[in-house]
Structure formats: structure tokens, C-alpha cells
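Following this line, the structure appears as C-alpha cells:
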């Protein structure tokens, strides 16, 4: 399933190698691609120091993710902004990019007078 005449580069810190030919590997759509993406996204999410004003599940504060969708629950816009910026920085560090044009924000609150 390797593509012919495919090249890659290796980045260590700010140093980037010369082009390296790929003789075997994966192309987009390969069965291993989603797993590799999930590993990379999980690494980035673990790098985010979630602000203590976020969602608490099983006694710890959480980010929620499914495929390439990430939810950052927060109790305030300030917390949401901090955690979103931290996630963008962590993904950029490993070569992923958050699609700002596809990013949506939704503020939710619990009505203390309801039910």
C-alpha cells in the first residue's frame, strides 16, 4: 500500500533533515493511519494541562475526543480559551494542525432554577 516516489523529512526540535525516500509505508486511507492519528492526538491531549475549571469525570478533569473532534468542556470562556490555546500549541508541536475555520465554540450553563 506504499506510494511510489514518496519522501519524508525528520524533524528533531527545530532541525529538519534532508528528504528521505519512503520505500514502504502508509498512504492516507490505510488501515493503520487512523491508529497513528489517534496516538498522535492522544499525545497532544495529554500535553495539555487542563485548567481546573473544566469537566470532572471519575475524579479527574477531562478533554473529550472522538476521531478528529475534540471537546474542551469549561466553566468559563477564559478557561475554554486557555485550554484551546494549550491544545493548539501541543498539536503544533507534533505536526498536527487545528482547523480554525472548522472550530466552533458553544457556551453552556446549568440553570440553577430549573427542575
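In the working numbering, the protein residues as written are 5 to 119.
Idealized CB from N, CA, C, for every residue including glycine.
Just checking residue 101 against the ligand GDP - is the residue's beta carbon closer than 8 Å to any of the ligand's heavy atoms?
Among the ligands in the structure shown, none appear at all, so the ligand GDP cannot be discussed.
Three CB pairs or more closer than 8 Å across the segment 12–23 and the segment 68–78:
no
Counting only the same chain and skipping the five closest in sequence on each side, list residues whose C-beta sits under 7 Å from that of residue 21.
The beta carbon of residue 21 sits closer than 7 Å to the beta carbons of 13, 14 from its chain, once the five residues preceding and following it are set aside; these are given in chain order.
Assuming residue 48 contacts residue 88 under a Cβ cut-off of 8 Å, what Cβ separation, rounded to an integer in Å, is found between them?
At roughly 12 Å, the Cβ-Cβ gap does not stay under 8 Å, so residue 48 and residue 88 are not in contact.
Go ahead and label residue 52 buried or exposed: buried means 16 or more other beta carbons lie within 10 angstroms of its beta carbon, across all protein chains shown.
Classification of residue 52: buried, given that the 10 Å Cβ count is 16 or more.
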